[in-house]
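For the sequence shown, position 177 matches number 177 in UniProt numbering, and the numbering has no gaps at all. For reference, the structure discussed in these notes is given below.
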Amino acid sequence: MATTIIYTDGSSRGNPGPGGWGAIICTDHEVRELGGREDHTTNNRMELSAAINALIHVDEINLGGEIILQTDSKYVINGITSWVSGWKKNGWKTANKKDVVNKDLWEALSFASSGLSISWKYVEGHAGYPGNERCDEIATSFADKTAINLYHGTVSKYPIDLKAENRPSVKKSSKKSSNAKAYSYLSLVGGVLQTHTTWTECEARVKGVKGAKFKKTFSALDEDSIAREWGVK
């Protein structure tokens with residue numbers, strides 16, 4: 001059977017705030033774009049919603065075969081491949097005995113993916129992958145209530161080359177020097193993300209705190225990418 005490739009992305013303005021999700025379903029012959037929104041939501045909920053709605057659609061039209069789902073959300077991938085089984089066994093509690101956040105959507109994603117052969121693939125956000133970039137455009141348009149045309153038609157007439165690699169203009173450059181001037185510093189403590197203008201300020205928040213994360217950024221794009229990697233944007 002043929003392989004179906006799904007691209008997904010989610011976006012929110014304010015986190016929480018107005019949000020949108022976008023998905024592209026691509027078979028050997030057809031491409032279909034999907035999108036939706038909520039008035040008050042989070043980025044993680046929209047990332048989950050994109051995957052859920054795409055898988056529901058694939059199941060409804062009975063495509064069968066292998067599915068490759070590409071997302072820039074490690075939160076989605078880690079959750080569905082590693083965390084969900086443990087949460088279910090623990091009565092939807094985390095290892096720290098806390099209620100699982102977004103339980104309703106995790107249940108929906110678990111149900112939507114059951115019975116399907118899915119490979120979950122992480123792609124870096126805002127790195128020039130055409131499918132991810134288009135899904136981001138759909139998601140942000142829905143979040144902003146901006147009109148956007150969703151494509152449904154043949155692969156040959158689809159205006160985006162989904163198989164293209166990263167655009168050269170946005171490929172990662174060689175590793176930045178640790179001495180390069182910082183744009184900002186990010187810290188993540190107890191699931192709460194903060195942005196700092198100085199290392200001293202960042203260090204004061206994370207020093208001695210178990211499980212804390214911190215990182216130097218070099219641009220606003222860098223900030224966004226790191227926050228997404230940490231699953232908080």
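Cβ coordinates follow ideal geometry from the N, Cα and C atoms, glycine included.
(message) Taking a contact to mean a Cβ-Cβ separation below 8 angstroms, would you say F48 touches N102 in this structure?
(response) Looking at the sequence shown, residue 48 is not Phe but Leu. Yes.
(message) Would you call the region 83 to 95 in contact with the region 38 to 55, where contact means no fewer than 3 C-beta pairs closer than 8 angstroms?
(response) Verdict: no, contact absent.
(message) Suppose only complete runs of 3+ residues qualify. What are the beta strand (DSSP E) ranges in the UniProt domain "RNase H type-1" (1 to 144), listed by chain order?
(response) 4 to 12, 17 to 26, 30 to 41, 66 to 71 and 117 to 122
(request) Answer with buried or exposed for G211, where buried requires no fewer than 16 other C-beta atoms within 10 angstroms of its C-beta. (result) Classification for G211: exposed.
(message) Which same chain residues end up closer than 6 angstroms to Y75 when comparing Cβ atoms and leaving out the 5 residues on each side of it in sequence?
(response) These residues qualify, in order along the chain: N44 and G231.
(request) Check K157 in the structure and name its three-state DSSP category. (result) helix
(request) Along the alpha helix (DSSP H) that carries V206, what are the first and last residues, could you check? (result) First-last of the alpha helix (DSSP H) with V206: W199 to V206.
(request) Answer yes if the region 177 to 197 comes into contact with the region 64 to 83, meaning at least three C-beta pairs across the two stretches below 8 angstroms, and no otherwise. (result) No, the region 64 to 83 does not touch the region 177 to 197.
(message) Can you check which of these residues, T217, S141 and G153, is closest to G35 by C-alpha distance?
(response) For the residues T217, S141 and G153, the minimum Cα distance to G35 belongs to S141.
(request) List the DSSP bridge partners of V189. (result) V192
(message) DSSP three-state label for S219, please.
(response) In this structure, S219 counts as coil in the three-state DSSP scheme.
(request) Find the nearest neighbour of G20 within the set T198, G10 and T146, judged by alpha-carbon distance. (result) G10
(request) Could you please give me the residues that DSSP links to S225 through a beta bridge? (result) Answer by DSSP bridge pairing: none, since S225 is not bridged.
(request) From the DSSP output, read off the bridge partner residues of K163. (result) According to DSSP, which records beta bridges pairwise, K163 is partnered with nothing at all.
(request) Return the residue from the list T71, R205, A139 and S85 that minimises the CA-CA distance to R228. (result) T71
(message) For K210, list the residues DSSP reports as bridge partners.
(response) Checking the DSSP bridge columns, you'll see K210 has no partner listed.
(request) Please classify A220: is it buried, with 16 or more other beta-carbons within 10 angstroms of its beta-carbon, or exposed? (result) exposed
(message) Here's a check: name, in chain order, each residue in its chain whose Cβ is nearer than 7 angstroms to the Cβ of G131, leaving out the five neighbours to either side.
(response) Y7, I24, Q70 and L162
(request) Using only alpha-carbon positions, find the residue among S117, R37, H57 and F218 that is nearest to A147. (result) R37
(request) Determine, using beta carbons only, whether S113 and I80 come nearer to each other than 8 angstroms. (result) yes
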